[in-house]
Amino acid sequence: MTDELPRTNAAANATSGDQHPAAGQPLLRIEGVAKTFGTFRAVDGVSLDIRAGEFFALLGPSGCGKTTLLRMLAGFEAPDEGRILLGGQDIAQALPHERPINMMFQSYALFPHLSVRDNIAFGLKRAGMARADIASRVAEMVALVKLEGLEKRKPDQLSGGQRQRVALARALARRPQLLLLDEPLAALDKKLRESTQAELMELQRRLGMTFIIVTHDQEEAMTMASRIGVMNAGKLAQVASPRELYEAPRSRWIAEFVGDVNLFEGEFKLRDGHRLVIATREAGTLVAAEPRERVSEAKLSVAIRPEKVKLSRRGPVFEAGRETAINSLDGVIADICYLGGITTYKVKLDEGGMVQASVVNSARLDVDAYSVNQNVVAWFTPDDCVVLPS
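For the sequence shown, the working numbering gives the first residue as -2, with consecutive numbering after it.
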């Protein structure tokens, strides 16, 4: 459904609310969708279910296929293979204006010669809505995105954040079942981006609408989405909640892509109860909790998030009820980076590797702070480790 195209009978049926999922079924089902440009396989057999009312993120590096997949959902590209089901109906070959879907572009795509009011009303006029209804809907959208008093301004008289709100209001005006957002916050500065993230999340909750956002920003996806689909090389690598994606990545690539991580390659030596003993070249012998999915490879990687790594001058500090089998690594602090809320320490290990630790700055002046070239012990428990195939 695009604002530039006139409404057809098919579009009228699609936007009239006919496409609702059966009980227990997803709103959107993508089945084996693929798209090739020349010899380049941009999207390669993606299957995915998205629930009604969900805020879903497609996350991945540039060129991974996430925007191509979004464009197929919007109808700007037709899949070469597979089906796209909305409310149980296959819309893979339907034209954009025949889908109860709207898309907010990264560039916002506002008409420079039209006012805020007329930009928002554009698609409604094309759809043949009555003038009085258009005025009412535009007023509703203006209030929804907090643009009161700016209705007569042109896009070049607005800030970046205000232009983004106009584009959002226009995308929502026709009340689509599904809203697609293509890198919508990429042009905003950090503070405005963070406040806009919160506003989008609140708006999505209030409307109960299904949002799909495409982004390459891991923090943005983890902040906004209830579930995230990570794409790489045209394939869907993992679909999970932000916490599961961060704490239990399926592969080494996902562990590295989603947040900072310490990774040590090694060889499986033995299984001790529910723990694996792994010999690494750069960190010595490590003990890790056995993963939920049993690994059979001899060569493995051990992943530890920096905030799981503790530092001490003399060795591990044992806490009542805590894991007592500790991975303890001797080293020297090679680098310190103060980031306000946290300080990151890079420790050169005696075994030759490097481990990063992130420590929360809980006091204004930390008299116990470490210094470069200081000898320390970096330690973490088996439960802090994630074992992955190398």
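Note that CB positions come from ideal geometry on N, CA and C, so glycine has one too.
Following the DSSP letters along the chain, one finds Q235 inside the beta strand (DSSP E) bounded by residues 232 to 237.
In the structure shown, I251 adopts helical secondary structure according to DSSP, grouped into three states.
Assignment of alpha helix (DSSP H) within the stretch 133 to 192, counting only whole runs of 4 or more residues, yields 157 to 170 in chain order. For the pair H271 and E287, the Cα-to-Cα distance works out to about 5 angstroms. Distances from the alpha-carbon of G84 to those of V292, L175, L267 put L175 closest.
I323 sits away from Y367, with the two beta carbons spaced by 7 angstroms or more. Contact check for I275 against G263 passes: the beta carbons are separated by less than 7 angstroms. Going by DSSP, F119 is part of no beta strand (DSSP E) but of the alpha helix (DSSP H) stretching over 113 to 123. R171 counts as buried, since at least 16 other C-beta atoms from the protein chains shown sit within 10 angstroms of its C-beta. By the Cβ test, the stretch 34 to 43 is not in contact with the stretch 213 to 224, since fewer than three Cβ pairs between them sit closer than 8 angstroms. The shortest C-alpha to C-alpha distance from E294 to any of L273, K305, L308, L107 is the one to L273. Nearest neighbour of L182 by Cα position, chosen from L165, I81, E241, turns out to be L165. Counting along the chain, A218 sits inside no beta strand (DSSP E); it lies in the alpha helix (DSSP H) bounded by residues 215 to 221.
The beta carbon of L189 sits closer than 6 angstroms to the beta carbons of G158 from its chain, once the five residues preceding and following it are set aside; these are given in chain order. In the three-state DSSP reduction, D130 falls in the helix class (H, G or I).
Where A286 is concerned, there is no enclosing alpha helix (DSSP H), although the beta strand (DSSP E) around it starts and stops at 281 to 286. Each of Y342, D46, I225, V211 was checked against the Cα of N358, and the nearest Cα belongs to Y342. Nearest neighbour of Y335 by Cα position, chosen from V227, K345, A354, turns out to be A354. For secondary structure counted as the alpha helix (DSSP H) over 4 or more consecutive residues, the stretch 19 to 76 holds these complete runs in sequence order: 63 to 71.
By the Cβ neighbour-count rule, G337 is exposed, with fewer than 16 other Cβ atoms within 10 Å of its own. Residues M219, V255, G256, R302 of the same chain have their beta carbon placed closer than 8 angstroms to that of Y243, with the five preceding and five following residues left out of the count. Take the alpha-carbon of A222 and the one of A237: they are about 10 angstroms apart. Under the three-state reduction of DSSP, E348 is assigned to coil, being neither helix nor strand. Between S387 and K296, the C-beta spacing is below 7 angstroms. Within the DSSP bridge table, the entry for I98 names L175 as partners.
Sorting H213, F108, G350, G125 by C-alpha distance to the C-alpha of R167 places F108 at the top. T65 counts as buried, since no fewer than 16 other beta carbons sit within 10 angstroms of its beta carbon.
Taking the C-beta atoms as reference points, E51 is found nearer than 7 angstroms to T207. Boundaries cannot be given for S104, as no beta strand (DSSP E) includes it and DSSP labels it neither H nor E. Measuring C-alpha to C-alpha distances from M198 to each of V284, L178, V163 identifies L178 as the nearest. With respect to the 7 angstroms criterion, A39 and G231 are classified as neighbours on the basis of their beta carbons.
Boundaries of the beta strand (DSSP E) around A331: 324 to 335.
Sequence-distant Cβ neighbours of L82 in its own chain, meaning closer than 6 angstroms and more than five residues away, are R26. As far as DSSP is concerned, S359 takes part in no beta bridge. Its chain contains I27, G226, L233, V236 as the residues whose beta carbon lies nearer than 7 angstroms to that of L45, once the 5 sequence neighbours on both sides are disregarded; these appear in chain order.
Around the beta carbon of P58, a 10 Å sphere encloses fewer than 16 other beta carbons of the protein chains shown; the residue is thus reported as exposed.
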